[in-house]
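Undergrad: Please read through the structure below; I'll follow up with questions.
There are 2 protein chains.
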Amino acid sequence: MAETPYAPARIRALPSWLLGRAAARGHRLVAEALAEEGMRMMHHAVLSAVGELGPVSQAELGRSVGIDPKDMVAVVNDLQADGLVTRTPDPRDRRKNAIEISAAGERTLRRTEKLGDRANDELTAGLTPAEREQLMALLARVAEPGEAGAEQTGRE
Amino acid sequence: MAETPYAPARIRALPSWLLGRAAARGHRLVAEALAEEGMRMMHHAVLSAVGELGPVSQAELGRSVGIDPKDMVAVVNDLQADGLVTRTPDPRDRRKNAIEISAAGERTLRRTEKLGDRANDELTAGLTPAEREQLMALLARVAEPGEAGAEQTGRE
DNA sequence: CTGTTATCGTTGGGGCATCCAACGGTTCGC
DNA sequence: GCGAACCGTTGGATGCCCCAACGATAACAG
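As they're listed, the protein sequences go chains A and B.
Going by this note's numbering, 8 is the number at position 8 of the first sequence; the sequence numbering is gapless.
Going by this note's numbering, 1131 is the number at position 131 of the second sequence; the sequence numbering is gapless.
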């Protein structure tokens, strides 16, 4: 074998390290894929959340995908500028904005979902479907330690 | 609050998403643990690499842990300022700096390794040792897909 | 009704990790 | 020798996360 600059074994043996590397690769693959549609990860996540939850307030959206309200403002601004979502004042609560996906947003979402799935397939290309399921199950338990009932506000 | 802000199923079902969440938690736990010694993740990783590889150039270090040369400069600066490593010009190649761990570096490394291990134990507290090994094996295959040729080029 | 408390959207700032482009100094291949 | 490649270094850009504050609005207690 050539003298590859191997990562030190000590570090490599740490779950957090491997987790970070794998996540970095996943992030890169997905980001590259979504870039084909001019989308970014958070934007896609938010758009998907809007499409799934229906008309929602920004605060609720932020809690659902776990991002800061500050960043949510920018994301919704972009999505609205691209005509992917509509932001209308909620008549029943004038503090809120009702975010809803548009027809164009639905179309874009369908494309970006395909791209995201494809990137994730590439990410897990070395795994069998069963192994992928296994990985997902293990990751879920590592990402959310408590998670017994799961009805609670899973805030991080 | 009946409405739980659960993450949309669409997004949650993606390995890249779960990977990111799990990595974020791991990162946070390890960072908090290392902060007890005033250390940060990259610093610890580099220090560990130096201790394992012996006298080594910064470029080689950067390749081994997969970080940018720019950031490596800052890391080595900090480590040197804390007296944890020595940076001496390589007489055989005056472009290179020979980075070597110091006695104080060894001591600090032993402590931070304990802290890192402890944080990783907490991270994987919900898993049995066998499951943890399983997770590591799966992650390794996801993080480094090719792995056969041991191709150079650092990363992507 | 009035005053207090809480939420919502928004703006501002900071910290941390990753990445790319460039440059002078040095070594290596031809 | 001379161009190509590498090394350390500097500069800048980006993305993600967290905290604090503000005006407007709503919910609630009195």
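Idealized CB from N, CA, C, for every residue including glycine.
Source: prediction; values computed, not measured.
Which one or two residues does DSSP pair with ILE1011 (chain B) in a beta bridge?
TA: Its beta-bridge partners do not exist; DSSP assigns none.
Undergrad: For the beta strand (DSSP E) holding ARG1094 (chain B), just list the boundary residues, first then last.
TA: Per DSSP, ARG1094 (chain B) belongs to no beta strand (DSSP E) and is neither H nor E.
Undergrad: I want to verify the contact list: residues of chain B whose CB lies under 7 Å from the CB of GLN58 (chain A), in sequence order.
TA: Result: empty, since nearest Cβ-Cβ is about 12 Å, beyond 7 Å.
Undergrad: Alpha carbon to alpha carbon, what distance is there between ARG132 (chain A) and ALA1150 (chain B)?
TA: Note on ALA1150 (chain B): pLDDT 39, under 50, position unreliable in the model; the coordinate value appears next. Each residue's Cα considered, the two are about 24 Å apart.
Undergrad: Count the CB pairs spanning the region 49-69 of chain A and the region 20-29 of chain A that are closer than 8 Å, and state whether there are at least three.
TA: Because the criterion of three Cβ pairs below 8 Å is not met, the region 49-69 of chain A and the region 20-29 of chain A do not touch.
Undergrad: List the residues of chain B that GLN134 (chain A) touches, going by C-beta distances under 8 Å, in chain order.
TA: Result: GLN1134, LEU1138.
Undergrad: Given 8 Å as the limit, is there contact between the region 1131-1145 of chain B and the region 118-129 of chain A, that is, 3 or more CB pairs closer than that?
TA: Yes, the region 1131-1145 of chain B touches the region 118-129 of chain A.
Undergrad: Based on the DSSP output, what are the partners of PRO89 (chain A) in its beta bridges?
TA: PRO89 (chain A) is bridged to A:ASN97.
Undergrad: Going straight from the alpha carbon of GLU60 (chain A) to that of ASN77 (chain A), what length do you get?
TA: Going by the C-alpha atoms only, they are around 16 Å apart.
Undergrad: Whose Cβ in chain A lies nearer than 7 Å to the Cβ of ASN1120 (chain B)?
TA: Near ASN1120 (chain B) (Cβ distances below 7 Å), the residues of chain A are LEU14, PRO15, SER16.
Undergrad: Can you tell me which of A:GLU36, A:ARG12, A:PRO15, A:ALA13 puts its alpha carbon nearest to the alpha carbon of ALA119 (chain A)?
TA: Residue A:GLU36 is the option with its Cα nearest to ALA119 (chain A).
Undergrad: Quick one: give me the first and last residue of the alpha helix (DSSP H) that LEU1084 (chain B) is part of.
TA: Run containing LEU1084 (chain B): none; DSSP gives neither H nor E here.
Undergrad: Please tell me whether LEU1047 (chain B) and LEU1109 (chain B) are closer than 8 Å, where the distance is taken between their beta carbons.
TA: The answer is yes: Cβ separation under 8 Å.
Undergrad: Counting pairs of Cβ atoms below 8 Å between the region 1062-1074 of chain B and the region 1009-1016 of chain B, do you hit three or more?
TA: At 8 Å Cβ cutoff, the stretches do not touch.
Undergrad: Measuring alpha carbon to alpha carbon, tell me which residue in B:GLU1113, B:ARG1092, B:GLY1051 is nearest LEU1084 (chain B).
TA: Checking every option, the nearest Cα to that of LEU1084 (chain B) belongs to B:GLY1051.
Undergrad: Rounded to a whole number of angstroms, what is the C-alpha to C-alpha distance between HIS1027 (chain B) and ASP82 (chain A)?
TA: Near 34 Å, if we compare the C-alpha coordinates of ASP82 (chain A) and HIS1027 (chain B).
Undergrad: Can you confirm whether VAL1030 (chain B), when its beta carbon is compared against all beta carbons of chain A, has any partner nearer than 8 Å?
TA: Closer than 8 Å: yes.
Undergrad: Can the beta-carbon of ARG111 (chain A) be found less than 8 Å from the beta-carbon of ILE99 (chain A)?
TA: No, Cβ-Cβ distance for ARG111 (chain A) and ILE99 (chain A) is not below 8 Å.
Undergrad: Less than 8 Å between CB atoms is the rule here; does PRO19 (chain A) satisfy it with respect to chain B?
TA: In the sequence under discussion, the amino acid at residue 19 (chain A) is Leu, which differs from the Pro named in the question. So yes, LEU19 (chain A) belongs to the interface.
Undergrad: Check whether the Cβ of GLU1052 (chain B) lies closer than 8 Å to any Cβ atom in chain A.
TA: By this cut-off, GLU1052 (chain B) is an interface position.
Undergrad: What residue range is occupied by the uninterrupted alpha helix (DSSP H) comprising GLU37 (chain A)?
TA: Here GLU37 (chain A) belongs to no alpha helix (DSSP H), and DSSP marks it neither H nor E.
Undergrad: Determine whether the beta carbon atoms of ALA1031 (chain B) and GLY1116 (chain B) lie at a separation below 8 Å.
TA: Taking 8 Å as the Cβ cut-off, ALA1031 (chain B) and GLY1116 (chain B) do not qualify as a contacting pair.
Undergrad: Using 8 Å for Cβ pairs, my map puts GLN80 (chain A) next to LEU1138 (chain B). What's the rounded Cβ distance?
TA: Not a contact, Cβ separation roughly 39 Å.
Undergrad: For a contact meaning CB atoms closer than 7 Å, what does THR124 (chain A) contact in chain B?
TA: Ordered by position in chain B, the residues that pass the 7 Å Cβ test against THR124 (chain A) are PRO1015, VAL1142.
Undergrad: Note down, in chain order, every chain A residue with its Cβ under 8 Å from the Cβ of GLU1113 (chain B).
TA: Those are ARG10, listed as they occur along chain A.
Undergrad: In the DSSP assignment, the alpha helix (DSSP H) including ASP109 (chain A) goes from what residue to what residue?
TA: Here the sequence assigns Leu to residue 109 (chain A), which means Asp is not the residue at that position. 103-123 is the span of the alpha helix (DSSP H), which, as asked, contains LEU109 (chain A).
Undergrad: Let's test the definition: count the other Cβ atoms within 10 Å of the Cβ of GLY62 (chain A) and tell me whether it reaches 16, buried, or not, exposed.
TA: Flag for GLY62 (chain A) reads buried.
Undergrad: When we look at the beta-carbon of PRO1008 (chain B) and count the other beta-carbons within 10 Å, is it buried (16 or more) or exposed?
TA: Burial call: buried.
Undergrad: Relative to the C-alpha of GLY1105 (chain B), which candidate in B:ARG1094, B:HIS1044, B:LEU1029 has its C-alpha closest?
TA: Checked all of B:ARG1094, B:HIS1044, B:LEU1029; the closest Cα to GLY1105 (chain B) is B:HIS1044.
Undergrad: Which word fits MET1001 (chain B), buried or exposed, when buried means at least 16 other C-beta atoms lie within 10 angstroms of its C-beta?
TA: Reliability of the predicted coordinates at MET1001 (chain B) is poor, the pLDDT of 36 falling under 50, and the value obtained from them is presented with this limitation in mind. Counting Cβ neighbours within 10 Å, MET1001 (chain B) comes out exposed, since fewer than 16 surround it.
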